[in-house]
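Asks: Supplied in structure tokens, the structure appears directly below.
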Amino acid sequence: MKLFLSLALSGTLFLAPGPSAVAQQAPSPYRTDLIKDGAITAGFTALSFTGLYLVQQKSGLTDAELAALDRNDVPKIDRFAAGKYSESAQLISDVLCYPTFLVAPGLLALNPNVRGRYGQVLGLYLQTMLAADAAFTMTVGNVYRYRPYLYGPEGGGRRSGKIATNSFFAGHVAHTGAATFFAAKVFHDFNPDSPARPYVWGAAALLPAAVGYYRIEAGKHFLTDVMVGYAVGATAGIVVPQLHKVAGRAGVSVVPLQGVNINGHSYSGLSFTKQL
Numbered sequence: 016m017k018l019f020l021s022l023a024l025s026g027t028l029f030l031a032p033g034p035s036a037v038a039q040q041a042p043s044p045y046r047t048d049l050i051k052d053g054a055i056t057a058g059f060t061a062l063s064f065t066g067l068y069l070v071q072q073k074s075g076l077t078d079a080e081l082a083a084l085d086r087n088d089v090p091k092i093d094r095f096a097a098g099k100y101s102e103s104a105q106l107i108s109d110v111l112c113y114p115t116f117l118v119a120p121g122l123l124a125l126n127p128n129v130r131g132r133y134g135q136v137l138g139l140y141l142q143t144m145l146a147a148d149a150a151f152t153m154t155v156g157n158v159y160r161y162r163p164y165l166y167g168p169e170g171g172g173r174r175s176g177k178i179a180t181n182s183f184f185a186g187h188v189a190h191t192g193a194a195t196f197f198a199a200k201v202f203h204d205f206n207p208d209s210p211a212r213p214y215v216w217g218a219a220a221l222l223p224a225a226v227g228y229y230r231i232e233a234g235k236h237f238l239t240d241v242m243v244g245y246a247v248g249a250t251a252g253i254v255v256p257q258l259h260k261v262a263g264r265a266g267v268s269v270v271p272l273q274g275v276n277i278n279g280h281s282y283s284g285l286s287f288t289k290q291l
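Position in the sequence shown (first residue = 1) + 15 = the numbering used here.
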């Protein structure tokens, strides 16, 4: 995932719309603020680098620790993956994952409604991906879970490497899911009447699932690692744009409350609500 920031910046330069596209901007369903969103993005960036630092401080397993591993200690839901190892499956997962970082925003640039607000969309995309990355690096930097391939004879020198304890959770799946679900969410919001929306959502859901399958086959992650990664990525991809949505948002409302509870005691206070 170290490649993400450079890929995102490269995509920004390569896919930026020309003057004619900017001149005819479509109405945006999102509201962004340069200072607030810049601060949030900077915060996610700081968390990502902090998590990456923690990952670098981790140590691998000793020969004695490797010899003591028992696949029967793995929860039943994950046990089928213990001992798996495949370099070809790992390559496929990389090929499916990394290009998505550019392809997802690139496809959005082809949509006329999105293209007029592409700078705003790219800012939200970067914030989304960094949110997923911060969750991933901070988790994997603090959680030690052995990779499935450690429970088998293969892996060579990787068996004692630092990344051997980075099984939880699946970063490839989280980042791919964040990219594809973001693209589907933005397309959905900019094209509310498009008949293509179900197919866009379907593609967005299938790609990270495919990445997860090959990560399991590669012996990199257990099923539960993939499930959590999928949930984190999909949540980031949907929630970040939704929190910036203009339509249907009335800001924060404050309403005074008072009454009597079931025990006969009176109460009073304030109710804060925010519609997403």
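Beta carbons: idealized from backbone N, C-alpha and C, even for Gly.
1. Taking contact to mean at least 3 C-beta pairs separated by less than 8 Å, is the segment 132-140 in contact with the segment 42-50?
2. How far does the alpha helix (DSSP H) with residue 80 in it extend, from its first residue to its last?
3. Express the C-alpha separation of residue 85 and residue 57 in angstroms, rounding to a whole number.
4. Can you give me the C-alpha to C-alpha distance between residue 4 and residue 149, rounded to a whole angstrom?
5. Within 10 angstroms of its Cβ, does residue 261 collect 16 or more other Cβ (buried), or is it exposed?
6. Determine the DSSP secondary structure at residue 91, reduced to helix, strand or coil.
7. Looking at the structure shown, is residue 174 part of a helix, part of a strand, or coil, going by DSSP?
8. So what does DSSP say about residue 126, is it helix, strand or coil?
9. Using a 10 Å radius around the Cβ and a threshold of 16 neighbouring Cβ atoms, would you call residue 168 buried or exposed?
10. Residue ranges of each beta strand (DSSP E) run of no fewer than 3 residues wholly in the segment 210-261, ordered along the chain?
11. Taking residue 192 and residue 252 to be in contact with their CB atoms under 8 Å, please state how far apart those CB atoms are, rounded to whole angstroms.
12. What separation, rounded to the nearest whole angstrom, lies between the Cα atoms of residue 185 and residue 257?
13. With 16 other CB atoms within 10 Å as the buried threshold, where does residue 164 fall?
14. Can you tell which of 73, 176, 188 has its C-alpha closest to the C-alpha of residue 111?
15. If you reduce the DSSP assignment to three classes, tell me which class residue 181 lands in.
16. With distances taken between CB atoms, is the gap from residue 104 to residue 248 smaller than 8 Å?
17. Are the CB atoms of residue 178 and residue 96 nearer to each other than 8 Å?
18. In whole angstroms, what separates the C-alpha of residue 106 from that of residue 233?
19. Helix, strand or coil, according to DSSP, for residue 160 in the structure here?
20. Tell me whether residue 118 sits in a helix, a strand or coil according to DSSP, three-state version.
21. Which stretch, first to last residue, makes up the alpha helix (DSSP H) that contains residue 192?
22. Please confirm whether any heavy atom of the ligand NAD lies closer than 7 Å to the CB of residue 128.
23. Take residue 226 as the anchor and find which of 194, 125, 124, 161 has the nearest alpha-carbon.
Replies: According to the data block:
1. yes
2. Along the sequence shown, read from residue 1 onward, the residue named residue 80 stands at position 65. Per DSSP, residue 80 belongs to the alpha helix (DSSP H) from 78-83.
3. Residue mapping note: residue 57 aligns to position 42 of the sequence shown, counting from 1. Residue mapping note: residue 85 aligns to position 70 of the sequence shown, counting from 1. Going by the C-alpha atoms only, they are around 42 Å apart.
4. Residue 4 lies beyond the range of the chain shown here (16 to 291); nothing can be said about it.
5. By 1-based counting over the sequence shown, the position of residue 261 is 246. Residue 261 is exposed by the Cβ-count criterion.
6. By one-based count along the sequence shown, residue 91 stands at place 76. Coil.
7. Translated into positions along the sequence shown, residue 174 becomes position 159. Three-state DSSP puts residue 174 in a helix.
8. Within the sequence shown, the letter at position 111 stands for residue 126. Reduced to three states, the DSSP call for residue 126 is coil.
9. Taking the first residue of the sequence shown as 1, we reach residue 168 at position 153. Counting Cβ neighbours within 10 Å, residue 168 comes out exposed, since fewer than 16 surround it.
10. none
11. On the sequence shown, position 177 is the one that residue 192 refers to. On the sequence shown, position 237 is the one that residue 252 refers to. Confirmed, Cβ separation roughly 6 Å.
12. Position 170 of the sequence shown, counting from 1, holds the residue named residue 185. Position 242 of the sequence shown, counting from 1, holds the residue named residue 257. Rounded to the nearest angstrom, the two C-alpha atoms are 24 Å apart.
13. Counted from its first residue, the sequence shown places residue 164 at position 149. Under this definition residue 164 is a buried residue.
14. Here residue 111 refers to the residue found at position 96 of the sequence shown. Cα-wise, what sits closest to residue 111 is 188.
15. Position 166 of the sequence shown holds residue 181. Strand, per DSSP.
16. Taking the first residue of the sequence shown as position 1, residue 104 is located at position 89. Taking the first residue of the sequence shown as position 1, residue 248 is located at position 233. No, they are not a contact pair.
17. As a first step, residue 178 is located in the sequence shown; it is residue number 163 there, counting from the start. As a first step, residue 96 is located in the sequence shown; it is residue number 81 there, counting from the start. Taking 8 Å as the Cβ cut-off, residue 178 and residue 96 do not qualify as a contacting pair.
18. Residue numbering aside, residue 106 sits at position 91 when the sequence shown is read from its first letter. Residue numbering aside, residue 233 sits at position 218 when the sequence shown is read from its first letter. For residue 106 and residue 233, the distance between alpha carbons rounds to 9 Å.
19. Translated into positions along the sequence shown, residue 160 becomes position 145. Note: residue 160 maps to strand in three-state DSSP.
20. Working through the sequence shown from its first residue, we reach residue 118 at position 103. Helix at residue 118.
21. Here residue 192 refers to the residue found at position 177 of the sequence shown. Looking at the DSSP string, the run of the alpha helix (DSSP H) that includes residue 192 is 186-205.
22. You won't find the ligand NAD in this model; it holds no ligand whatsoever.
23. Residue numbering aside, residue 226 sits at position 211 when the sequence shown is read from its first letter. That would be 194, whose Cα lies nearest to the Cα of residue 226.
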